[in-house]
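Visitor: Got a structure here, written out as structure tokens. Questions coming.
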Amino acid sequence: MAAVYRIPALPTVNDILRMYNIRASKKLSQNFIMDPRLLNRMVKKMGNIEGKHIVEVGPGPGGITRSILGQGAMSCTVIEKDKRFLDSLEHLNRTCGHRLDIHLGDVLHFNMENLFPDNVRKAWDGDVPDLRVIGNLPFNVSTPLLIKWIAAISEQRNIFSYGRVPLLLTFQHEVAHRIIAPPTDPERSRLSVICQNYARCEYEFMIPSGAFVPEPQVQVGFVSIKPLVEPYITLPFPLVNKVVSTVFQGKKKIVLNSVSQLFPRKMGNLLGNRMLDMAQINPKQRPFNLRMEEFNKLCHAYNHILQKNPSFSSYVRNVSFDPNEDLVYSPPATEEKMIESNGSEKQKPSADLDLKTN
Ligand code: SAM
2 MAAVYRIPAL PTVNDILRMY NIRASKKLSQ NFIMDPRLLN RMVKKMGNIE GKHIVEVGPG
62 PGGITRSILG QGAMSCTVIE KDKRFLDSLE HLNRTCGHRL DIHLGDVLHF NMENLFPDNV
122 RKAWDGDVPD LRVIGNLPFN VSTPLLIKWI AAISEQRNIF SYGRVPLLLT FQHEVAHRII
182 APPTDPERSR LSVICQNYAR CEYEFMIPSG AFVPEPQVQV GFVSIKPLVE PYITLPFPLV
242 NKVVSTVFQG KKKIVLNSVS QLFPRKMGNL LGNRMLDMAQ INPKQRPFNL RMEEFNKLCH
302 AYNHILQKNP SFSSYVRNVS FDPNEDLVYS PPATEEKMIE SNGSEKQKPS ADLDLKTN
């Protein structure tokens with residue numbers, strides 16, 4: 002059986018780079034993995050891929066791609082931004098029985114909704130489809146991509162229109178740690194809560210910086226992300242994202258100070274306290290100590306207040322963002338837009354604001 006998938010002897014990744022005269026682009030943060038044993042170990046983390054469809058994001062010179070094809074994938078769809086790799090990928094395609102589907106493009110703007118036959122689709126609560134995603138992307142792409150894909154998981158869009166497709170992606174070690182950090186871990190952040198709300202996230206193994214050419218300054222974490230059938234917090238992604246992102250504004254602050262920022266200044270303390278009361282959370286708790294269940298209650302408390310006062314939904318204070326978690330939450334409007342020219346705040350809680358817990 003394995004012989005069917007044997008790929009004829011090919012030049013090494015190193016030879017490919019030399020043959021096609023390709024130098025790693027700093028602009029695209031290119032760091033290539035050369036060691037075939039490491040490449041095979043990464044691909045094996047997808048389990049048995051014989052007969053499965055695989056998407057690889059950022060194949061570059063094709064080290065991971067070759068291992069995918071060698072391990073018997075039925076097809077491998079690659080999305081690569083740098084056209085210098087097209088010739089070597091097309092050469093690989095000819096040697097592997099045309100199982101490669103090559104796309105030149107930016108994965109951040111690539112919709113995979115109709116890439117595969119309809120019979121690949123599985124019900125969200127059914128089996129995992131015969132489809133996997135793997136990628137060793139630059140860090141400045143992998144984190145925003147993860148957030149986009151988490152939003153897509155929440156709405157079963159893009160590749161997740163095929164079902165609960167598992168992902169395997171590389172991140173800077175510290176970011177990988179944040180993705181999997183449990184409550185009370187000092188690295189617990191909005192990325193932890195947002196990712197863990199929608200997926201089971203595991204740190205598979207660390208890839209030492211010496212495994213890459215050229216060598217990056219940082220260690221790399223290889224992380225698996227398996228979408229959950231049902232998230233802990235079932236409210237819409239934008240609301241969950243807003244509450245979690247706001248709670249982690251200054252994550253060493255007490256939680257009362259951060260949730261108050263969900264509301265216009267004059268009523269922030271009052272409504273922040275009400276929200277915490279409804280969620281039965283001590284106002285002096287620190288955000289990184291909160292468990293998923295507590296975030297669930299916080300989101301529901303905020304949703305309850307919004308139902309009585311829908312105008313708060315567009316309210317946001319001027320907030321600063323951790324560049325490592327870029328795109329986690331883009332504010333829809335600044336506080337200034339909520340203040341009338343005479344300085345009085347437009348938003349007032351309605352007279353019938355019902356802030357009881359039940
Ligand atoms: N997969 C190869 C490996 O492991 O050796 C290459 C890894 S290199 C870190 C990242 C690759 O992603 C490069 O080939 C780069 O051109 C590509 N890339 C960077 N940004 C991208 C984007 N937005 N969309 C698609 N590919 C991208």
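Heads up, the sequence shown is in my numbering, so the first residue is 2 and it goes up one at a time.
All residues carry an ideal CB built from backbone N, CA and C; glycine is no exception.
#1: Could you please give the first and the last residue of the uninterrupted beta strand (DSSP E) stretch that includes residue 208?
#2: Are residue 299 and residue 276 close, meaning C-beta to C-beta below 8 angstroms?
#3: Beta-carbon separation of residue 272 and residue 306 under 8 angstroms?
#4: With DSSP as the reference, please indicate the residues paired to residue 81 in a beta bridge.
#5: Counting along the chain, where does the beta strand (DSSP E) carrying residue 171 start and finish?
#6: Work out the CA separation of residue 66 and residue 12 for me, nearest whole Å.
#7: Comparing C-alpha positions only, which one of 303, 191, 207 and 201 sits nearest to residue 250?
#8: Measuring CB atoms only, is the segment 42-57 touching the segment 21-32, in the sense that at least three cross pairs come out at less than 8 angstroms?
#9: Identify the residues that DSSP records as bridge partners of residue 133: which are they?
#10: Pull up the distance between the alpha-carbon of residue 123 and that of residue 230, whole angstroms please.
#11: Does the ligand MN have even one heavy atom less than 7 angstroms from the beta-carbon of residue 82?
#12: Quick one: what does DSSP say residue 15 is sitting in, helix, strand or coil?
#13: If you run the structure through DSSP and keep just helix, strand and coil, what is residue 244?
#14: Thinking C-alpha only, which one of 158, 178 and 183 is nearest residue 223?
#15: Does the segment 195-204 come into contact with the segment 148-156, if we say contact requires no fewer than three beta-carbon pairs (one atom in each stretch) closer than 8 angstroms?
#16: Do residue 33 and residue 221 count as a contact pair if the criterion is CB distance below 8 angstroms?
#17: Can you name the start and end residues of the alpha helix (DSSP H) that residue 378 belongs to?
#18: Quick one: complete alpha helix (DSSP H) runs, 4+ long, within the segment 20-72?
#19: Are the CB atoms of residue 112 and residue 41 within a distance shorter than 8 angstroms?
#20: Applying the criterion that 16 or more other CB atoms from any shown protein chain within 10 Å of the CB defines a buried residue, is residue 10 buried or exposed?
#21: Provide the residue span of the alpha helix (DSSP H) that contains residue 182, from first to last.
#22: For the ligand SAM, is there a heavy atom less than 7 angstroms away from the beta-carbon of residue 33?
#23: Quick one: what's residue 213 bridged to in DSSP?
#24: Could you pull the start and end residues of the alpha helix (DSSP H) that residue 99 belongs to?
#25: Between the segment 92-104 and the segment 72-84, do three or more beta carbon pairs fall short of 8 angstroms?
#26: In three-state DSSP terms, what is residue 303?
#27: Looking at the ligand SAM, does it come within less than 7 angstroms of residue 142, judged from the CB to the closest heavy atom?
#28: Could you tell me whether the Cβ atoms of residue 129 and residue 106 are closer together than 8 angstroms?
#29: Less than 7 angstroms between C-beta atoms, sequence neighbours within five positions excluded: which residues of the same chain meet that for residue 175?
#30: Please look up how many angstroms separate the CB atoms of residue 134 and residue 44, rounded, as I've assumed it's under 8 angstroms.
#31: Identify which residue in 258, 301 and 289 has its Cα closest to the Cα of residue 279.
#32: Any heavy atom of the ligand SAM within a distance shorter than 7 angstroms of the CB on residue 30?
#33: Distance check for residue 286 and residue 137, CA to CA, integer angstroms please.
#34: Determine the direct distance from the alpha carbon of residue 237 to that of residue 228, and round the result to whole angstroms.
Guide: A quick look at the data gives this:
#1: Position 207 of the sequence shown holds residue 208. Per DSSP, the unbroken beta strand (DSSP E) holding residue 208 starts and ends at 200-208.
#2: If you number the sequence shown from 1, residue 299 lands on position 298. If you number the sequence shown from 1, residue 276 lands on position 275. Cβ atoms of residue 299 and residue 276: closer than 8 angstroms.
#3: Locating residue 272 in the sequence shown gives position 271, where the first residue counts as 1. Locating residue 306 in the sequence shown gives position 305, where the first residue counts as 1. The answer is yes: Cβ separation under 8 angstroms.
#4: The residue given as residue 81 occupies position 80 in the sequence shown. Looking at the DSSP assignment, residue 81 forms a beta bridge with 105.
#5: Locating residue 171 in the sequence shown gives position 170, counting from the first residue. Where residue 171 is concerned, the enclosing beta strand (DSSP E) stretches over 168-173.
#6: For the purposes of this step, residue 12 is taken as the residue at position 11 of the sequence shown. For the purposes of this step, residue 66 is taken as the residue at position 65 of the sequence shown. If I take the Cα positions, the gap works out to 13 angstroms.
#7: Within the sequence shown, numbered from 1, the residue matching residue 250 stands at position 249. Here the closest residue by C-alpha is 191.
#8: No contact exists between the segment 42-57 and the segment 21-32.
#9: To locate residue 133, count along the sequence shown from 1; it is residue 132. 55, per the DSSP bridge assignment.
#10: Looking up residue 123 in the sequence shown gives position 122. Looking up residue 230 in the sequence shown gives position 229. Going from the Cα of residue 123 to the Cα of residue 230 covers about 12 angstroms.
#11: Of the ligands one can find in the structure shown, namely the ligand SAM, none is the ligand MN.
#12: In the sequence shown, counting from the first residue as 1, residue 15 sits at position 14. It is helical.
#13: Residue 244 sits at position 243 when you count from the first residue of the sequence shown. Three-state DSSP puts residue 244 in a helix.
#14: Taking the sequence shown and counting its residues from 1, the one referred to as residue 223 is at position 222. Closest option to residue 223, Cα to Cα, is 178.
#15: A contact is defined here as three or more CB-CB pairs under 8 angstroms, and the segment 195-204 meets this definition with respect to the segment 148-156.
#16: Here the question's residue 221 lines up with position 220 in the sequence shown. Here the question's residue 33 lines up with position 32 in the sequence shown. Annotated as distal: residue 221 and residue 33, with beta-carbon spacing of 8 angstroms or more.
#17: Outside the modelled stretch of the chain, which goes from 2 to 359, sits residue 378, for which no answer is possible.
#18: Within the segment 20-72, the runs of alpha helix (DSSP H) that reach at least 4 residues and sit entirely inside it are, in chain order, 37-45 and 64-71.
#19: By 1-based counting over the sequence shown, the position of residue 41 is 40. By 1-based counting over the sequence shown, the position of residue 112 is 111. Note that the C-beta distance between residue 41 and residue 112 is not below 8 angstroms.
#20: Locating residue 10 in the sequence shown gives position 9, counting from the first residue. Here residue 10 is exposed. Its C-beta has fewer than 16 other C-beta atoms within 10 Å.
#21: Stepping through the sequence shown from its first residue, residue 182 is reached at position 181. Under the DSSP assignment, residue 182 falls outside any alpha helix (DSSP H); it carries neither an H nor an E label.
#22: The count along the sequence shown starts at 1 and reaches residue 33 at position 32. Flag set: Cβ of residue 33 near the ligand SAM.
#23: Translated into the one-based positions of the sequence shown, residue 213 becomes position 212. For residue 213, the pairing in a beta bridge is given by DSSP as 34.
#24: As a working note, residue 99 is residue 98 in the sequence shown. Neither: residue 99 is in no alpha helix (DSSP H) and is coded neither H nor E.
#25: Yes: the two stretches touch, three or more of their Cβ pairs being nearer than 8 angstroms.
#26: For the purposes of this step, residue 303 is taken as residue 302 along the sequence shown, with counting starting at 1. In this structure, residue 303 counts as helix in the three-state DSSP scheme.
#27: For this step, residue 142 is matched to residue 141 along the sequence shown. Within the cutoff, so yes.
#28: Along the sequence shown, one-based indexing puts residue 129 at 128. Along the sequence shown, one-based indexing puts residue 106 at 105. Pairing residue 129 with residue 106 gives a Cβ-Cβ distance that is not under 8 angstroms.
#29: By 1-based counting over the sequence shown, the position of residue 175 is 174. Cβ within range, chain order: n/a, list empty.
#30: For this step, residue 134 is matched to residue 133 along the sequence shown. For this step, residue 44 is matched to residue 43 along the sequence shown. The C-beta distance from residue 134 to residue 44 rounds to 12 angstroms, too long to meet the 8 angstroms contact threshold.
#31: As a working note, residue 279 is residue 278 in the sequence shown. Nearest of 258, 301 and 289 to residue 279, Cα basis: 301.
#32: On the sequence shown, position 29 is the one that residue 30 refers to. Yes, the ligand SAM has a heavy atom inside 7 angstroms of this Cβ.
#33: Sequence index remark: in the sequence shown, residue 137 carries index 136 (1-based). Sequence index remark: in the sequence shown, residue 286 carries index 285 (1-based). One C-alpha to the other measures close to 37 angstroms.
#34: Your numbering for residue 228 matches position 227 in the sequence shown. Your numbering for residue 237 matches position 236 in the sequence shown. Those two C-alpha atoms are separated by around 16 angstroms.
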